[in-house]
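Here's the structure, in structure tokens; my notes come after.
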Amino acid sequence: MKKTLDEHAARFDDLAADYDDEKSPEYNECVALVLERANPDGDDTVLDLGCGTGAIALGLAEAAGRVVGRDISEGMMDEARRKADERGIENVEFGQGQFREPNYDGEVDIVTSNFAMHHLSDEEKRETVSVIADLAPRRIVLGDVMFFGEPDPEEPFYSPEVDDPATVGVLADAFTDAGYAVTAVEMVHEQVGVLVAERL
Ligand SMILES: C[S@@+](CC[C@H](N)C(=O)[O-])C[C@H]1O[C@@H](n2cnc3c(N)ncnc32)[C@H](O)[C@@H]1O
């Protein structure tokens, strides 16, 4: 991680009020793909890590039984809670938790994460995948900044001073080593994609 957890949390606290304004087409496509691929049943519990202002958690709430959002930024989660109240969504809860310590040990059927895990180093991502695997969801859907080709800071989505994206291969290996089969890889942009992994 190129910044500490506190630095990331403070950065997103500052961004929270404006975070939902003017998202890129690639971000929107990534959100749509994560929602589609997560595809929960009505009694499923979904855990959304790095939930931010709730794009995924709130988007899945109607289809799922329950959604648990975890993040390190209270400012981002305050926005998510406000949006849940506005929309009358009652089966979603947001609370403090980080990728490697999600602060959740209940049953979980599907784990999602969108545009968040790229803040971790590759080793920290591997640890995260292992922590998620210990919760034994049947499906993990990861939308994120990831490299399909050579890293290029001149291209959008990758700011080396704060981001530390992995290659698609590193992520696929992490899932496979944790007992999951990568069943879909969607390239949204050369530096953005969605991976779907199912428990073996
Ligand atoms: C770019 S936002 C994405 C938010 C949301 N998932 C979305 O799709 O809009 C990244 C989020 O990851 C959170 N984050 C960064 N590092 C984290 C960590 N180690 N554990 C949990 N959340 C983290 C930030 O606080 C922020 O809310």
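With our numbering applied, the sequence shown has no gaps in its numbers, which climb one by one up to 882 at the end.
Every residue gets a Cβ at the ideal spot worked out from N, C-alpha and C, and that includes glycine.
{"Asked": "DSSP three-state assignment for SER706, whether helix, strand or coil", "Found": "coil"}
{"Asked": "Contact check, LYS705 vs GLU843, beta carbons under 8 Å", "Found": "no"}
{"Asked": "8 Å contact criterion, which LEU687 and GLN780 should meet: CB distance rounded", "Found": "6 Å"}
{"Asked": "Residues near THR865 by beta carbon distance below 8 Å, same chain, minus five either side", "Found": "VAL878, ALA879 and GLU880"}
{"Asked": "Meets three-Cβ-pair contact criterion under 8 Å: the stretch 824 to 839 and the stretch 760 to 776", "Found": "no"}
{"Asked": "HIS871: CB within 7 Å of a non-hydrogen atom of ligand 1", "Found": "no"}
{"Asked": "Helix, strand or coil at SER795 [DSSP, three-state]", "Found": "strand"}
{"Asked": "Beta-bridge pairing of ASP826 - partner residues as DSSP gives them", "Found": "GLY875"}
{"Asked": "According to DSSP, residues forming a beta bridge with ASP845", "Found": "Answer is none; ASP845 lacks a bridge partner."}
{"Asked": "Closer than 7 Å: VAL749 CB and nearest ligand 1 heavy atom", "Found": "no"}
{"Asked": "Under the three-state DSSP convention, the category GLU775 falls into", "Found": "strand"}
{"Asked": "Candidates GLU837, ASP804 and ILE792: closest to ARG719 by CA position", "Found": "ILE792"}
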